[in-house]
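Novice: According to this note's numbering, the residues represented by the sequence shown are 4 to 62, in order.
Pasting a structure here, questions to come.
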Amino acid sequence: MKTGSDVDFDRKLEQIHAARERQEAKHAKGLLTLLNGRDDLRGVHALADMVGERVLWCA
């Protein structure tokens with residue numbers, strides 16, 4: 004059986020996970036917007052290219 008502190012911890016952990024997901028989505032959207040507006044940036048940074056491609060495949 005969970006105690007009150009366990010429930011509070013679980014709730015806080017869920018809030019942290021949700022905040023991280025929102026932050027990742029926000030950054031991915033910003034990166035995709037930047038890459039769509041600046042073709043000269045494609046191929047410059049491998050991680051940025053990978054994230055941009057992943058976002059496109061998930062859309």
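For each residue, glycine too, the CB sits at the ideal point set by N, CA and C.
Quick check on the DSSP output: the alpha helix (DSSP H) that includes residue 36 runs from which residue to which?
Specialist: First-last of the alpha helix (DSSP H) with residue 36: 7-40.
Novice: Report the three-state DSSP secondary structure of residue 57 (helix, strand or coil).
Specialist: Helix at residue 57.
Novice: Report the CB separation of residue 54 from residue 34 in whole angstroms; it is logged as a contact under 8 Å.
Specialist: That pair is a contact at about 6 Å.
Novice: Among 44, 42, 31, which one has its Cα closest to the Cα of residue 60?
Specialist: Per the Cα distances, 31.
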